[in-house]
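> Mapping of the sequence shown onto numbering that gives the first Met the number 0: position 150 corresponds to residue 149, and the numbering continues sequentially without gaps. Beta carbons are placed, not taken as given, at the ideal position from N, Cα and C, and that holds for glycine. Remember, it's a predicted structure, so these values are computed and weren't measured experimentally.
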Amino acid sequence: MIAAPFHAGERALQAQTGWRDRMEAAGPRVMRDYMPDQHREFFAQLPFLVLGSLDASLQPWASVLAAPAGFVHSPDATHLRVDALPAAGDPLASQLAQGASLGLLGIEPHTRRRNRMNGTVESLDATGFMVEVQQSFGNCPRYIQAREPVFAAARNNIGAPVQRLDRLDLAAERLIGSADTLFIATAYPEEAAAGDDADARSHGVDVSHRGGLPGFVRVDEGGVLTVPDFNGNRFFNTLGNLVAHPRAGLLFIDFDSGELLHVAATAEIVLDGPELAQFEGAERLLRLHVDHALRRPAALPLRWGDAELSPHLAGTGRWARQ
């Protein structure tokens with residue numbers, strides 16, 4: 000177990016919301032420096048893996064790798080092997096190196112299971128890489144839309160060039176504005192932990208899932224995105240990172256075409272105010288100012304059918320203008 004799993008940003012939000020004492024007691028029981036057998040077996044049955052990484056300018060990025068089940072496997076409780084490498088143009092490609100911090104999310108949408116692991120790249124070779132566990136913990140199934148992936152029979156746009164967007168275009172706004180799912184990478188860099196031995200053990204990258212009714216991400220002029228933050232596990236891993244380092248990497252997937260949209264943004268957390276009160280179920284808002292984005296047509300060789308929305312979304316609202 001990890002005796003003090005939360006860093007200063009996470010502790011600040013836990014205290015602000017009245018959950019600090021309970022999280023101080025609960026955290027060491029559920030956050031481990033190894034993977035239990037159940038997690039090791041779970042990762043091995045997945046056909047895709049979501050990853051968070053940090054570039055040289057300390058910008059987090061969210062990415063996804065896909066291959067037949069078994070491409071992720073655990074040789075022992077403190078390591079996870081990934082037999083896949085990012086394609087050229089994936090932000091992960093330039094960050095994947097020995098010693099790099101990564102956040103990993105294993106998620107099985109059709110069963111609404113998910114587990115997280117944060118660690119460092121221990122080794123890298125021509126076919127994949129090994130990650131050493133730093134933190135391992137489970138997540139609740141709330142807000143996951145049930146959809147099952149299958150590998151595409153053919154990819155018409157294979158090799159299509161990556162498109163850099165200095166601002167969101169209409170197609171990107173439509174994908175974001177209709178989404179019911181996003182993935183978000185955040186980080187607590189070593190620079191933020193400097194001078195605090197306890198926090199130094201918590202530095203690294205994290206990647207998480209967010210879900211809502213279609214259209215839960217509001218797209219405003221100037222590339223500003225607003226996302227409601229619903230009731231969760233009270234760890235505040237993502238938001239706590241943003242308190243200390245307010246930059247985020249978002250990943251949106253077009254589940255019909257396999258297109259990936261990677262978004263780099265700066266973030267602010269809205270804790271109260273009339274806008275928050277108008278969105279049913281939101282406990283906070285996350286405001287994201289888009290810096291730039293990368294569009295990768297047909298980059299993901301998976302396709303999904305229609306989604307079965309999470310029953311927990313019944314207590315959440317919609318943006319007033321929709």
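Consult DSSP for T16 and reduce its assignment to one of helix, strand or coil.
Stepping through the sequence shown from its first residue, residue 16 is reached at position 17. Note: T16 maps to coil in three-state DSSP.
> Closer than 7 Å by C-beta to G316: which residues in its own chain qualify, once you throw out the five before and the five after it? Chain order, please.
Counting from one through the sequence shown, the residue named residue 316 turns up at place 317. So the list reads F278, E279 and G280, once near-sequence residues are dropped.
> Can you give, in chain order, each stretch of the alpha helix (DSSP H) that sits fully within the stretch 81-107 and has at least 4 residues?
90-94
> Excluding the five sequence neighbours on either side, which residues of its own chain have a C-beta within less than 8 Å of the C-beta of R246, listed in chain order?
Counting from one through the sequence shown, the residue named residue 246 turns up at place 247. Same-chain partners within the cutoff: L57, Q58, P59, T185, A186, A263, A264, T265 and A266.
> Roughly how many angstroms lie between the CA atoms of M129 and G248, to the nearest whole one?
In the sequence shown, the residue the question calls residue 129 occupies position 130. In the sequence shown, the residue the question calls residue 248 occupies position 249. Cα-Cα distance, rounded: 23 Å.
> Measuring alpha carbon to alpha carbon, tell me which of D205, R31, G257 and L270 ends up nearest Q13.
Position 14 of the sequence shown, counted from the start, is the residue given in the question as residue 13. Nearest of D205, R31, G257 and L270 to Q13, Cα basis: L270.
> Where does L169 sit, in a helix, a strand or coil, going by DSSP?
The sequence position of residue 169 within the sequence shown is 170, counting from 1. Three-state result, L169: helix.
> Out of L50, T225, A86 and S309, state which residue places its alpha-carbon closest to the alpha-carbon of L275.
Numbered from its first residue, the sequence shown carries residue 275 at position 276. From the listed residues L50, T225, A86 and S309, the smallest Cα separation to L275 is found for T225.
> Between which two residues does the beta strand (DSSP E) holding Q133 run?
Counted from its first residue, the sequence shown places residue 133 at position 134. That run of the beta strand (DSSP E) goes F128 to G137.
> Hey, V206 and L103: beta-carbon distance below 8 Å or not?
Here residue 206 refers to the residue found at position 207 of the sequence shown. Here residue 103 refers to the residue found at position 104 of the sequence shown. Cβ distance < 8 Å, so V206 and L103 count as in contact.
> Relative to the C-alpha of V218, which residue among G257, P140 and R166 is closest?
Position 219 of the sequence shown holds residue 218. Taking only the C-alpha atoms, the option nearest V218 is R166.
> Residues in its own chain within less than 6 Å of S122 by CB, not counting five upstream and five downstream?
Position 123 of the sequence shown, counting from 1, holds the residue named residue 122. These residues qualify, in order along the chain: M129.
> Quick check: what's the CA-CA separation for V289 versus G222?
Working through the sequence shown from its first residue, we reach residue 289 at position 290. Working through the sequence shown from its first residue, we reach residue 222 at position 223. Rounded to whole angstroms, V289 and G222 show a C-alpha spacing of 5 Å.
> Let's test the definition: count the other Cβ atoms within 10 Å of the Cβ of V71 and tell me whether it reaches 16, buried, or not, exposed.
The residue labelled residue 71 in the question sits at position 72 within the sequence shown. Buried, since its Cβ has 16 or more Cβ neighbours within 10 Å.
> Nearest to G105 by CA position, among G127, L95 and A43, is which residue?
Looking up residue 105 in the sequence shown gives position 106. For G105, the closest alpha carbon among the candidates G127, L95 and A43 is that of A43.
> Compare the beta carbon distance of A68 and L45 with 8 Å and say whether it is the shorter of the two.
Translated into positions along the sequence shown, residue 68 becomes position 69. Translated into positions along the sequence shown, residue 45 becomes position 46. Cβ distance < 8 Å, so A68 and L45 count as in contact.
> For the alpha helix (DSSP H) holding F42, just list the boundary residues, first then last.
The residue labelled residue 42 in the question sits at position 43 within the sequence shown. Residues D36 to A43.
> Put R21 into one of helix, strand or coil per three-state DSSP.
As a working mapping, residue 21 is identified with position 22 in the sequence shown. If DSSP states are grouped into helix, strand and coil, R21 belongs with the helices.
> If contacts are defined as beta-carbon pairs under 8 Å, then D179 and G210 qualify, I think. What distance do you get, rounded to the angstrom?
On the sequence shown, position 180 is the one that residue 179 refers to. On the sequence shown, position 211 is the one that residue 210 refers to. Rounded, the Cβ-Cβ distance is 6 Å, consistent with contact.
> For the alpha helix (DSSP H) that contains T237, what are its first and last residues?
Counting from 1 along the sequence shown, the entry for residue 237 is found at position 238. Per DSSP, T237 belongs to the alpha helix (DSSP H) from N236 to A243.
> Roughly how many angstroms lie between the CA atoms of R146 and A306, to the nearest whole one?
Within the sequence shown, the letter at position 147 stands for residue 146. Within the sequence shown, the letter at position 307 stands for residue 306. Each residue's alpha carbon lies about 5 Å from the other.
> Between which two residues does the alpha helix (DSSP H) harbouring A276 extend?
One-based indexing of the sequence shown puts residue 276 at position 277. Start and end: P273 to A276.
> Give a yes or no on contact between the stretch 134-142 and the stretch 105-114, applying the rule of three or more CB pairs nearer than 8 Å.
yes
> Compare the Cα-Cα distances from A319 to each of L241, P227 and D253 and report the closest residue.
The count along the sequence shown starts at 1 and reaches residue 319 at position 320. When each option's Cα is compared against that of A319, the closest is P227.
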